[in-house]
Amino acid sequence: MASVQLHPLTPQILLGVAALVVLLFDSVWPQSRNRGALAGIAALGSVAAGGVAAWFLAAGSGQPRTGGAITEFGGQLVVDGTSLFFAVLVASVTVLVVLASYDYVADEPYVAEYFGLVLLAATGMSLMASANSLATAFVALELASLPSYALVAYLKSNRGSVEAGLKYFLVGALSSAVLAYGISLVYAATGSLQFGDVAAALGASTQAGVLGLGVLFVAGGLAFKTASVPFHFWAPEAYEGAPAPISGFLSSASKAAGFVLAFRVFTVAFPLDVVGDLAIDWALLFAVLAVVTMTLGNFAAARQERVKRMLAYSSIGHAGYVLIGLAALGGSADGDLVLGASMMHLLVYGFMNTGAFVFVALAEQWDVGKTFEDYEGLGREAPIACLAMTVFVFSLAGLPVGAGFLSKYVLFMGAVGAGFAWLALIAAVNSALSLYYYSRVVKAMWIEEGDGHGIETRPVGTYAALVVALVATVGLLAAFDPVADAAVRAAGVLLG
Amino acid sequence: MAFELEALLAVTALAAVVVLAAPDEYAERLALLGSLVPLVGSLYLWSGFDGSGNALLADGELAYETTATWIHLGDLYTLNWHVGLDGVSMPLVVLTTFLTSAAILSAWTPIDERQSQFYGLMLFMEASLLGVFVALDFFLWFVFWEFVLVPMYFLIGVWGGPRRRYAAIKFFVYTNVASLVMFVGFVALVFALPVETLDLPTVAQSLRAGELGSLAGVHPSTLKGLAFLAMFAGFAVKVPVVPVHTWLPDAHVEAPTPASVMLAGVLLKMGTYALLRFNFTMLPDVAAEHAELIAAIAVLSVLYGAMLALAQQDLKRIVAYSSISSMGYVLLGLVAFTTYGLGGATFQMVSHGLISGLMFMCVGVIYNTTHTRMVGDLSGIADRMPVTAAVFVAAAFGYMGLPLMSGFAGEFFVFLGAFQSTTLASAPLYTGVAMFGIVVVAGYLLWAMQRALFGPFFSAEDYDVVPAARHDVLPLVVVLLAVVALGVAPELFYDAIQDAVVDLTRGGTAAAVGGALGLLVAVPGGED
């Protein structure tokens, strides 16, 4: 019986092919406004990509039990537990974004371009999870970034959107340059780009200063992608100005892709036990960045009056929590748990944060306004959507209405286990205080009496996205085992 | 395994969902019906209770225990679904279901908008409170522990008084910060132990066996001290003890009466229950080391809470501050660390839950009719509302510790245990000073009753003061009957409680223990 063996990179290929099909559709029927067909192709492609990645992950492809990581293209790309985990994440977020965009772009021109760009960016993000050399990492990162710039500026008659796009592009271009320069310095010091070879050449390197600068610049370039301090200041503007589904896409999937690249670069190419001998202690750097990022994000979020901007700053705060995964590797203990917990948190964050931005997209379609006050009394008019939003923000705050509770506390627990109780304590206090601003949304929706918003429509795609994100956020609370297990095992492989 | 506790939790949560989805006009009846199912269920569990020993210690059998793996964290740690009942948790489960039904009935009159949401949240809160008392794995327990905040936030925020927004967010953030500090403290302990699970019995036994190692270079004894401090601080906020009590008066005064009933009756007990389970069961040596300080905090809570109550004009504030005072007795019983002390503390949790709930319900019924709670605005209510006033008086005497009421039994056990304490060097001093708190309690309750209930009728608000409706009086009478029943026959719960706490002290005064009533006679000539 003939059997077909799927290519290990099938998830990424499916996303890329879906992008091309969307563009093909557009060239056959130019200026088509058939958003049903276009969103359908995009949704189908991302569902298939996510499904295949989940299947591979469950079946053990690229993981120790089936013989370890699979490398492709001469070791330029790798498929292992980590890459599959993040392929699932990116594809899931893409599904939500596509569903929510179906209604959001109804009155906009260039529908095909929109979905094409989303899929291309998703392909890039998914490839970032598989990048195994600094060259492919850079290419994948650019593939993710360039469509994102255009998507942020998609509402081209909206000044905020255009300004955000330009700002995002300029800061992005600068940080790409920083990253590329860092890569060149690493290459100068080690003579190779592939992560494994870089690590092998580190010990023999005589240019610790050049290498150290390279590591610092690479960290800077990735800090941009993950919206971490000090390269975070594009994020509030970009997230606020962009179409809300794209804000969710960037703050969830793009951030996760930046993080997985950071995880792989720093654990595989610059393992701490080797670069530590060269006095390059990146764990300390990330510990400082984690504290500053989470504190700054949280305190800035608490001062916002507009919901979308609050979510943008809170997204910076969450980047701070995830950075703990890298910071805590500097401890004496095994880092599997804490790094795995960072991965779990990114996955759960993908659902709850995208869900929250989808709700904002819904509010924008209803034209209810931007501030907390504008949301007053929404709970009576749209109970299901508001229930979903309540679950998202409470889960973001770390209350056990959703899986955000589990991922966040496993993360804090991992930090304590790695000997970073002080970091866990700072994060925990930050998290507790975040309840203040997250609950403002809930208060506005349910506790305050509104004047009524005259809501008549129930956009089907946006509601579908909300319900999917809701089911995932709540469902993972009970069925967290596969996620947690896969993440910790994947982290274990990265740390060797 | 028959999954009795799972069924109890599931039925309660299901009732919550049904009520939440029901139209407002049926919500109150459905909610009462929905709360009776877990009540009957918990009574059934009580009748068939065959547990022995303490849930966290090795000797003895848990009742209705189930264990299943919930989450694997790679090969490193497992988080379990582990539930079961012992003599400490069983009475609290019964208290929760009983008081929820009473609170729901007491809400029929005051809650007149968004009923289905109100009752749905009450039932969700019941389910998570039950979860807190039955869960025996740390993470599972922590899920329920934190979930309790969500319905309470809404109950205060939506249906509360004029400053409800402030009170709700203060309650939310204050108690959440405390929980997180506690979380870090506990988890640090687990990582320094040779265990691969957060299962509470496993952790407790490992700690008591002295297996604690160092974590990240911190010496075990330092680690123990820090973890104890973190957990104590976290739970102290929940109890609350002075000086971290400031969220309580705000929350209580602004909360609608049925939510106050649950807050005083059950939510505060989460704090003392957790102190018993964590601090005093897992780290008794550290508790003994700091016993004097903790006892001082307990006595301070008793006296300061009572003094604050004495200074109030608002009946609800009086009851709220007096709760701080009463919870001080519980802490004193715990820190005494004798069988009577621990058992009395647990009994006092149940007793105070019933009595404070009853007091809040009485105040609520009076307020529903008179529209004021100020002592100076009321006089002679007893003429117009005889049954309510009578129950109020009875409950107040229960609070003061009148014999044949549960308050007497609880406080008696606590004082007895505290006197016998060998952990506390100056136990008689603390006990004596704490007993003085009862005098102050009597002072403010008698003063308030005398002014509000008796004398010629007068009300500052112009409302027609008539006897309360039958469904308002019914929960008052039923809860009062329970208070009396536990006062007459404390062994209903105390035997099981004593069986569960006696091993904690490893011998201690266990030898002196007979039946609860027998002990009242036996003690004067007793062991010491």
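If you read the sequences in order, they're chains P and G.
So in our numbering, spot 296 of the first sequence is number 296, and the numbers just go up one at a time.
So in our numbering, spot 327 of the second sequence is number 1327, and the numbers just go up one at a time.
Glycine residues also receive a C-beta, built at the ideal position from the N, C-alpha and C atoms.
Fair warning: this is a prediction, and the values are worked out from it, not measured in the lab.
DSSP, read as helix, strand or coil, puts P/L9 in coil. Inside the stretch 1383-1425 of chain G, DSSP marks whole alpha helix (DSSP H) runs of 4 or more residues at positions 1386-1400, 1406-1420, from first to last along the chain.
In the three-state reduction of the DSSP assignment, G/V1143 falls in the helix class. Taking a C-beta cut-off of 9 Å against chain P, the contacting residues of the stretch 1057-1083 of chain G are T1069, W1070, I1071, H1072, L1073, G1074, D1075, L1076, Y1077, L1079, listed in chain order.
Bounds of any alpha helix (DSSP H) do not take in G/V1242, whose DSSP letter is neither H nor E. The stretch 1130-1141 of chain G and the stretch 1090-1098 of chain G touch, with three or more beta-carbon pairs separated by less than 8 Å. In the displayed model, P/V79 falls within a strand according to three-state DSSP. Identification of chain G residues near P/R489 by a Cβ-Cβ cut-off of 7 Å yields G1074, ordered along the chain. Contact between the stretch 480-490 of chain P and the stretch 1008-1022 of chain G is not established, with fewer than three Cβ pairs separated by less than 8 Å. Look at G/N1080 here: in three-state DSSP terms it is strand. Ranked by Cα distance from P/D336, the first of P/G191, P/V493, P/W366 is P/V493. When 7 Å is used as the limit between beta carbons, P/P400 is near these residues of chain G: V1143, E1146, F1147, in chain order. Judged by beta-carbon spacing, G/Y1273 lies within the 8 Å limit of G/L1092, meaning their Cβ atoms are closer than that value. Counting only runs that start and end inside the stretch 271-312 of chain P, the alpha helix (DSSP H) elements of at least 4 residues fall at 272-275, 282-302.
DSSP places P/Q194 within a strand segment (E or B) once states are collapsed to three.
With its beta carbon less than 8 Å from one in chain G, P/I447 belongs to the interface.
Residue-level contact by beta carbon fails for P/V291 and chain G, as no gap is shorter than 8 Å.
In the DSSP assignment, G/I1071 falls within the unbroken beta strand (DSSP E) covering 1063-1073. Annotation: P/I447 is outside any beta strand (DSSP E) and is labelled neither H nor E by DSSP.
Per DSSP, reduced to three states, the secondary structure at G/E1211 is coil, with no helix or strand assignment. When DSSP states are grouped into helix, strand and coil, G/A1188 belongs to the helix group.
The Cβ neighbour count for P/R309, taken over all protein chains shown within 10 Å, is at least 16; the residue is labelled buried.
Of the other Cβ atoms in all chains shown, fewer than 16 fall within 10 Å of the Cβ of P/G74; this residue is therefore exposed.
With respect to the 8 Å criterion, P/K443 and G/G1160 are not classified as neighbours on the basis of their beta carbons. Look at P/L337: its C-beta is under 8 Å from a C-beta on chain G.
Taking 8 Å as the threshold, the shortest C-beta distance from G/R1165 to chain P falls below it. Within the stretch 400-417 of chain P, those residues whose Cβ lies closer than 8 Å to any Cβ of chain G are, in chain order, P400, V401, F405, L406, Y409, V410, F412, M413, V416, G417. With a minimum length of 4 residues, the unbroken runs of alpha helix (DSSP H) contained wholly in the stretch 185-272 of chain P fall at 195-202, 208-225, 234-241, 244-249, 255-264. For G/S1052, the secondary structure class from DSSP, reduced to helix, strand or coil, is coil. Remark: C-beta atoms of G/F1360 and G/S1260 approach each other more closely than 8 Å. Straight-line spacing of the CA atoms in P/L202 and P/G67 works out to 27 Å. For P/Y436, the nearest beta carbon of chain G is closer than 8 Å to its own beta carbon. P/W29 counts as exposed, since fewer than 16 other beta carbons sit within 10 angstroms of its beta carbon. Measuring C-alpha to C-alpha distances from G/L1263 to each of G/A1394, G/T1012, G/V1150, G/E1061 identifies G/V1150 as the nearest. The Cβ neighbour count for G/Y1064, taken over all protein chains shown within 10 Å, is at least 16; the residue is labelled buried. DSSP places G/I1111 outside any alpha helix (DSSP H), giving it a letter other than H or E.
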